Amino acid sequence: MSRISKIPHRILKTPNSGNSYYFRAYIPHDLVQQVGGQKSFRISLQSGIPSQSKRLCRSLSKTLENIFNEIRSGMRSLTIADIKEILRIEIRKSILHANHVHLGTNEFSQ
């Protein structure tokens, strides 16, 4: 079992966020100082659809697990801003993919 699976990551929906869900990530204790001292952060999933948000949250958790493992092994040195940007790119890719499939331009679905 990996370390990240013990750390909760959640989908949040705050009252002032409109219909958008957020991904809240908690930084493992052993990495807090390496990433600038912040213990958690959140980013918008840019989706108001619960099922889509849950899938994206699982995907982001896996990406975050890989990032944390790379930081631990010394392969990367990242700040919270760097990590958030990587996750935002993953969110944009997911949105583009969903639009691609939804608009029927997915040539592999035939």
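First residue of the sequence shown: 89, per my numbering; consecutive thereafter.
Cβ coordinates follow ideal geometry from the N, Cα and C atoms, glycine included.
Note that the structure is a prediction, hence the values are computed from the model and not measured.
Annotation for R146: the continuous alpha helix (DSSP H) segment containing it runs P138 to R160. Rounded to the nearest angstrom, the Cβ distance from V123 to I115 is 6 angstroms, consistent with a contact under 8 angstroms.
The residue among R180, Y110 and I174 with its C-alpha nearest the C-alpha of S141 is Y110.
Linking R112 to S139 through their CA atoms gives a straight-line distance of about 16 angstroms.
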